[in-house]
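Q: My structure is below; once you've seen it, I'll send some questions.
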Amino acid sequence: MMKTKASRESRQVEARFRAQAEKAYERYKISKELEETQRLKRKAAEVENYHETISDAKGMYIIGSRKQDCSTDVTSISSLVTFAGVKDGVSKGVKKFFKNMLTDRKFELNWQEFMCITFYLQVPISYMVRHITMIYRWGALLVLTVYVIIGIFIAMPVYMLLMFLGNYGRKSYIKFWDCVPVLKGVAYAVILMTVVQEVSNATVACMFVDYLASTIPAKSTPWYNCNFVSDSDKSWCYARAPEGGYNVTCCSQKHDNCGQNDLYKSFNYSSYYYFKQHVLAFHMSNGENRTNLQTIVLIITFWTTVLFVLLIGLKRVRVVMTVLNVLILVTLFVAVTLLSFFTSTYGMFAELKSNFDDVLNYKFWVEVATYSLQRELAGDVITFSAMSSPGISTTVDTICIYTLKFLFLALLTVWTSIGLKMVQNFYRIRDPKCLGADGLTVMFGVFPELSSLIGSSKSLVLSYLVILIYWSFSVTVYTLNSLVGAVYEEFPRIVTFKLMVCGVLCVTCCVSNILAVNSNIKGLYEIFFTEQHSQMKVILVFSTLLGIYLYSLNRLSNDYHFTYGQKLHTFWIYGAKIAMMLVVGLGLLRSFSRFEQFTMLEFVPTILMVIPILTGAMVTFLNYKTGKRATCVSPDPMWGPPDAAHRRARRKFDPKRDLRYRSALQTCKHACLLRGVALANEIKYWRNKRFTQYGVKID
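Take the sequence shown: its letters are residues 1 to 699, numbered as in UniProt numbering.
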């Protein structure tokens with residue numbers, strides 16, 4: 001009886017499984033039939049489209065050749081079909097290009113690209129101009145010596161710590177300040193400072209563009225034909241041209257009795273006279289500012305090109321720009337080194353010799369030390385280090401960058417001295433003060449003059465102008481790319497409005513550039529970019545170092561230990577501490593030394609820098625009190641490596657228990673050997689901590 005019941009139940013189960021299998025098979029057949037039907041429909045649509053294309057192509061062919069017979073050769077029709085397909089593919093490619101241009105995708109720079117970008121950002125054209133002014137004012141040897149000392153022991157450690165934190169957190173310089181949320185306003189102050197720096201850099205670039213536009217159509221260099229002056233001044237200009245000789249009342253070898261004022265007024269060599277009359281004063285008419293239409297068009301063209309590259313994105317142009325930048329650097333280093341050897345007989349230019357009594361002058365320390373920290377701001381260095389992987393470590397990369405920078409500035413100093421000496425000898429100038437050398441006159445006067453003396457026709461002058469224009473363009477593109485990338489990361493929703501964001505940024509810079517050119521450029525450079533500009537830098541560097549201190553140097557050292565598996569050398573930590581004391585001292589020294597001379601205009605840059613910092617601090621504090629933010633001073637919970645497993649491993653990381661950096665025989669404070677169970681527990685702890693990074697738990 002029991003067997004009958006069991007067999008009946010087994011038959012029922014078998015029948016039920018068979019029914020379910022048949023239903024599943026029926027559903028499978030139906031799905032296959034649907035797939036086949038859809039495939040046939042797609043095939044029919046493709047055939048129909050193909051016939052329509054052939055019909056359209058045949059019609060186009062018949063219309064184009066009215067006298068030919070309708071029975072056209074099949075190969076001709078096929079070629080038209082191919083042309084139509086290529087045209088359609090090109091149109092689709094163009095649409096895809098513009099569609100991708102308005103989207104922002106993350107990418108990673110390789111080591112060569114990162115090193116090239118950071119080097120160019122370290123020495124923009126505006127910084128070269130300022131460096132030449134400093135060596136002319138204080139002496140070449142003194143400036144270079146102090147710059148190397150400050151660079152090695154102060155600037156390099158600050159730069160390395162910022163580079164490491166950017167690479168460690170993988171965040172651009174707005175999100176970066178989640179490590180110290182109360183100072184997030186520093187990022188917006190840096191953005192404001194970035195715009196000011198790029199307007200100054202682009203102003204110099206547009207002056208070079210104007211030079212280039214005037215040089216290309218001329219038969220020779222413009223300062224030799226005197227076409228840039230009015231008819232009443234042509235006789236005076238030709239008297240100063242090389243072929244006309246120089247019959248001046250002072251500064252020549254024929255006259256010994258010259259007053260100090262006569263030394264500055266009586267003599268100008270050709271390119272310097274062109275620079276003063278055409279570049280600095282070309283917009284002056286009856287005492288009123290009037291910018292040349294050609295210059296306005298060139299400025300708009302420059303910023304339109306920058307806008308186009310920003311829309312394309314650094315991802316698509318970084319390889320081409322890196323190759324061009326490396327070629328320019330190699331060419332410059334080789335050319336300047338060879339010319340320095342072949343022209344070594346000219347010796348040191350008299351005005352570049354150092355007076356070591358200036359070491360006791362506070363103005364010397366304020367100026368040189370401030371500009372030694374030129375690029376050590378929490379801006380582009382953080383953004384680009386977050387987009388790249390270091391070669392060996394950030395310390396090695398920092399040493400490489402600063403070695404190249406020191407070498408470049410040394411060669412620039414040597415070539416400035418040689419250039420001034422050659423021009424002085426060529427025009428038989430008795431007193432070196434008559435050259436009126438500073439950063440602007442050397443870049444726009446001495447170097448173009450020297451290029452026209454050495455090079456055949458105007459080819460070397462054109463090469464010089466093109467290199468400097470591209471140099472300025474590269475720095476502007478790199479800096480604004482880091483700015484735009486930081487804004488996109490902080491506000492992801494505006495990525496869809498990429499055209500509007502980049503357009504507003506470039507239009508703002510373009511208008512500011514036109515206004516800057518429309519003013520007295522030399523006065524603007526001397527007043528704003530030497531005084532207020534340095535004041536803004538001191539405030540931002542102080543705020544950045546304050547953020548590093550609030551983050552804790554000990555925590556930063558442990559982050560480095562966790563990332564690279566080795567302890568951070570105390571040299572870098574002490575460098576950051578000394579930098580903080582130096583910046584505070586510079587700020588106090590500069591404030592007290594100019595306290596009685598301060599005007600309301602000089603307070604404007606300070607206010608512009610302080611307002612974003614204070615506003616950011618207040619907003620962060622209110623969000624913390626209302627519960628919208630978890631922390632106020634301590635790092636945000638999401639701060640750290642981008643991977644959650646690595647962040648969890650970092651929280652569990654204890655550098656004191658890291659067995660790799662302790663001796664083989666572990667000892668306690670009583671000099672007891674760590675062995676047996678204690679050693680086994682230590683090894684177990686280490687293995688658990690290490691494998692936690694990969695999501696594996698070892699029991």
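Just so you know, even glycine gets a beta-carbon here, dropped at the ideal spot from N, CA and C.
Using the three-state DSSP reduction, which class does S388 fall into: helix, strand or coil?
A: strand
Q: Can at least three beta-carbon pairs, one atom from the region 395–410 and one from the region 160–170, be found at a separation below 8 Å?
A: Yes: at least three Cβ pairs fall under 8 Å.
Q: For the 8 Å Cβ check, are there 3 or more pairs between the region 378–389 and the region 471–488?
A: Remark: three or more beta-carbon pairs, one from each stretch, lie closer than 8 Å, so the region 378–389 and the region 471–488 are flagged as touching.
Q: Using a threshold of 7 Å, state whether the C-beta atoms of S172 and A386 are closer than that.
A: yes
Q: L109 bridges to which residues according to DSSP?
A: S388
Q: Indicate the three-state DSSP secondary structure (helix, strand or coil) for residue 705 in the structure shown.
A: Because the chain spans 1 through 699 in this model, residue 705 falls outside it and cannot be assessed.
Q: Nearest to L121 by CA position, among R42, F356, W177, T476, is which residue?
A: Cα-wise, what sits closest to L121 is T476.
Q: Buried or exposed: where does E35 fall if 16 or more other Cβ atoms within 10 Å of its Cβ makes it buried?
A: An exposed status is given to E35, since fewer than 16 other beta-carbon atoms sit within 10 Å of its beta-carbon.
Q: Verify whether the separation of the beta carbon atoms of A202 and N554 is less than 7 Å.
A: A distance of 7 Å or more separates the beta carbons of A202 and N554.
Q: Within 10 Å of its beta-carbon, does residue 722 have 16 or more other beta-carbons around it, so buried, or fewer, so exposed?
A: Outside the displayed range of the chain (1 to 699) lies residue 722, so it cannot be described from this structure.
Q: With M134 and V368 assumed to form a contact (beta carbons below 8 Å), what rounded beta-carbon distance in angstroms separates them?
A: 6 Å
Q: Compare the C-alpha of V466 against each of F497, P448, L453, I454 and name the closest.
A: P448
Q: What is the rounded straight-line gap between the Cα of E33 and the Cα of K652?
A: Each residue's Cα considered, the two are about 58 Å apart.
Q: What number of angstroms, rounded off, separates the C-alpha of L298 from the C-alpha of Y211?
A: The alpha-carbon atoms of L298 and Y211 are separated by roughly 11 Å.
Q: Quick one: grab the DSSP three-state call for K171.
A: Of the three classes helix, strand and coil, the one that applies to K171 here is coil, per DSSP.
Q: Looking only at C-alpha atoms, which of T370, D358, L545 sits nearest to residue 724?
A: Only positions 1 to 699 of the chain appear in this structure, which leaves residue 724 out of reach.
Q: Just reading off the alpha helix (DSSP H) that F444 is part of, what are its end residues?
A: For F444, there is no enclosing alpha helix (DSSP H), as DSSP marks it with neither H nor E.
Q: For T606, tell me which candidate among S543, W639, Q424, F302 has the shortest Cα-Cα distance.
A: S543
Q: Do you know offhand how far V209's Cα is from I469's?
A: 7 Å
Q: Would M581 be called buried (16 or more neighbouring beta carbons within 10 Å of its own) or exposed?
A: exposed
Q: Just verifying my parser: in three-state terms, what is the DSSP assignment at S472?
A: helix
Q: Measure the C-alpha to C-alpha separation of P641 and D654 and round it to an integer number of angstroms.
A: 16 Å
Q: With distances taken Cα to Cα, identify the nearest neighbour of F621 among V633, I611, P612.
A: When each option's Cα is compared against that of F621, the closest is V633.
Q: Quick one: what's got a C-beta closer than 7 Å to F114's C-beta in the same chain, skipping five residues either side?
A: F384, S388
Q: Using only the alpha-carbon positions, how far apart do A140 and Y624 sit?
A: Their Cα atoms are separated by approximately 51 Å.
Q: Whose C-alpha, out of F333, T221, L409, N325, is nearest the C-alpha of V129?
A: Selected option, being the one with the closest Cα: L409.
Q: Between Y427 and L327, what straight-line distance do the alpha-carbon atoms span, to the nearest angstrom?
A: 34 Å
Q: In angstroms, rounded to a whole number, what distance separates the CA positions of L314 and H131?
A: 29 Å
Q: Does the contact criterion of 3 or more C-beta pairs under 8 Å hold for the region 567–575 versus the region 152–159?
A: yes
Q: Pair every Cβ in the region 545–565 with every Cβ in the region 188–197, then say whether three or more of these pairs are closer than 8 Å.
A: no
Q: By DSSP, does K405 sit in helix, in strand, or in coil?
A: helix
Q: Is Q122 helix, strand or coil by DSSP?
A: helix
Q: Take L366 as the anchor and find which of N325, F333, L588, F356 has the nearest alpha-carbon.
A: The question names Leu, yet the displayed sequence has Val at residue 366. Checking every option, the nearest Cα to that of V366 belongs to L588.
Q: Taking the C-alpha atoms as reference points, what is the distance between Y560 and L568?
A: 6 Å
Q: Would you mind sorting Y25 into buried or exposed? The rule is 16 or more other CB atoms within 10 Å of its CB.
A: exposed
Q: So L540 and M618 are supposed to be a Cβ contact under 8 Å. How far apart are they, rounded?
A: The Cβ separation is near 19 Å, so there is no contact.
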